[in-house]
Amino acid sequence: MIPQHAVKGIPHPTISSHPSRANVCVCVYMRHYVGIDAILEQMRRKAMKQGFELNIMIVGQSGLGKSTLMNTLFKSKVSRKSVVSTPEERIPKTIEIKSISHDIEEKGVRMKLTVIDTPGFGDHINNENCWQPIMKFINDQYEQYLQEEINIDRKKRIPDSRVHCCMYFIPPTGHCLRPLDVEFMSRLSKVVNIVPVIAKADTLTLEERDFFKQTIREGLRANGIDVYPQKEFDEDADDRMINDKIREMIPFAVVGSNQEYQVNGKRLLGRKTKWGTIEVENIAHCEFAHLRDLLIRTHMQNIKDITSSIHYEVYRVRRLNETNGQPNAQPPNTLVNPQQANGVAAQHQVLTHEM
Ligand SMILES: Nc1nc2c(ncn2[C@@H]2O[C@H](COP(=O)(O)OP(=O)(O)OP(=O)(O)O)[C@@H](O)[C@H]2O)c(=O)[nH]1
Ligand SMILES: [Mg+2]
Numbered sequence: 107m108i109p110q111h112a113v114k115g116i117p118h119p120t121i122s123s124h125p126s127r128a129n130v131c132v133c134v135y136m137r138h139y140v141g142i143d144a145i146l147e148q149m150r151r152k153a154m155k156q157g158f159e160l161n162i163m164i165v166g167q168s169g170l171g172k173s174t175l176m177n178t179l180f181k182s183k184v185s186r187k188s189v190v191s192t193p194e195e196r197i198p199k200t201i202e203i204k205s206i207s208h209d210i211e212e213k214g215v216r217m218k219l220t221v222i223d224t225p226g227f228g229d230h231i232n233n234e235n236c237w238q239p240i241m242k243f244i245n246d247q248y249e250q251y252l253q254e255e256i257n258i259d260r261k262k263r264i265p266d267s268r269v270h271c272c273m274y275f276i277p278p279t280g281h282c283l284r285p286l287d288v289e290f291m292s293r294l295s296k297v298v299n300i301v302p303v304i305a306k307a308d309t310l311t312l313e314e315r316d317f318f319k320q321t322i323r324e325g326l327r328a329n330g331i332d333v334y335p336q337k338e339f340d341e342d343a344d345d346r347m348i349n350d351k352i353r354e355m356i357p358f359a360v361v362g363s364n365q366e367y368q369v370n371g372k373r374l375l376g377r378k379t380k381w382g383t384i385e386v387e388n389i390a391h392c393e394f395a396h397l398r399d400l401l402i403r404t405h406m407q408n409i410k411d412i413t414s415s416i417h418y419e420v421y422r423v424r425r426l427n428e429t430n431g432q433p434n435a436q437p438p439n440t441l442v443n444p445q446q447a448n449g450v451a452a453q454h455q456v457l458t459h460e461m
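Residue numbers (my numbering): 107 to 461.
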């Protein structure tokens, strides 16, 4: 039997009115299952079929353990160690930007992971403007996406090469942020999600590590650098509570390793020293696990959402304003020839490898 209040249109806890259509009443009787919740399963199946894409950029001086950390994060060889031959070749004259894509599958969920490496960053005597080619690369990806989006004949699914996250490796000096770190993060945090990490944290004592982390946080604050997760994009009180905890921990003091060791009868990823084994995933030893949780287990979708709804949106609006709504016009701030950008050699390499 239909309850009296429903017939008369009297509000009831199980009846909700659509806010945009005042006279339309959407009735949901809890006793008669409609199946709206099945949308979640439909979305899950669609997402499983489509797979996911994640593009991570790694920036920092050579030898800071960037490739090792990426391989540790994804437990596979997703970033190759540089092959060093001659001293001249060790430090490239320019910043080369190299993207390598991999298809990763876990429990039936497929992900195309692209690691964008930036060898040569900060390796020169004069590192002024070495943020420029990286900024240009990020904007070029937004431009590509924009051009696909405005195409009349656009693809059903626009390939997403936008950089979702830029992991910035701070050398474990124990002092404070260097002018290079400040300049890079100040400029880049406006266009991409920056996740700063203290590289090779096993080289610092616990006191040095705590002091360094605190000094870096103060440096970020003093220079108005807003790294991920940005306070202004917290969606609600729950978000704020979770993200505040993360913000108190930033930058993550990490240790990477591709080597497994036997510790208390278990095979663990670690770094063996004369004094014992540093376990990479043990939160008492370093903050690798917190970084992994943020990037992969808890915030991956949010990192992508902020890229799309904030960073890309800022670029899109600026471009459309600059070109008076004619986005096919050449972007004024983007150099046509990548070689013009501070002698940049942009190299795009896409390899696919099944794991
Ligand atoms: N102590 C320590 N050494 C590390 C760590 N991570 C990597 N290494 C070592 O540091 C060296 C350089 O590591 P890579 O991962 O190749 O460094 P990279 O930053 O990718 O270097 P480039 O590709 O040359 O820019 C290797 O010998 C690693 O084994 C770490 O967390 N702690
Ligand atoms: Mg490397």
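Here a beta-carbon is modelled for each residue, glycine too, at the ideal position from N, C-alpha and C.
None of the values given here were measured: they were computed from a predicted structure.
Of the candidates L283, V333 and I264, V333 places its Cα closest to the Cα of K296. One thing to note: I244 has its Cβ no nearer than 8 Å to the Cβ of E255. With respect to M176, V140 sits apart: the two C-beta atoms are not nearer than 8 Å. K204 has its Cβ no nearer than 7 Å to any heavy atom of ligand 2. For K262, the closest of Q156, F394 and I276 by C-alpha to C-alpha distance is Q156. Here S415 is exposed: its Cβ has fewer than 16 other Cβ atoms, across all protein chains shown, within 10 Å.
Apart from the 5 residues on each side of it in sequence, D266 sits with its Cβ closer than 8 Å to the Cβ of E159, N161 and Y251 in its chain, given in chain order.
As the crow flies, the alpha-carbon of C282 is around 40 Å from that of L426. Shown here, G228 sits in coil according to DSSP, grouped into three states, outside any helix or strand. The shortest CA-to-CA distance from L294 to any of F317, I331 and I304 is the one to I331. K152 is not bridged by DSSP to any residue. By the criterion of at least three beta-carbon pairs nearer than 8 Å, the segment 315-328 is not in contact with the segment 267-274.
Given a length threshold of 3 residues, each whole run of the beta strand (DSSP E) inside the segment 266-328 is given here in chain order: 271-276 and 300-304. In this structure, the alpha-carbon of W381 lies about 23 Å from that of F358. Of the residues V386, R346, P335 and Y367, the one whose Cα lies closest to the Cα of Q407 is P335. Per DSSP, reduced to three states, the secondary structure at A343 is helical. Bounds of the alpha helix (DSSP H) holding R398 are F394 to R398. Cα atoms of N232 and G226: separation of roughly 12 Å, rounded to the nearest angstrom. Sequence-distant partners of T309 (beyond 5 residues in either direction) whose C-beta falls short of 6 Å from its own C-beta, in its chain, are P278.
DSSP lists E385 as the beta-bridge partner residues of G376. Between ligand 2 and D223, a heavy atom-to-CB distance of less than 7 Å is present.
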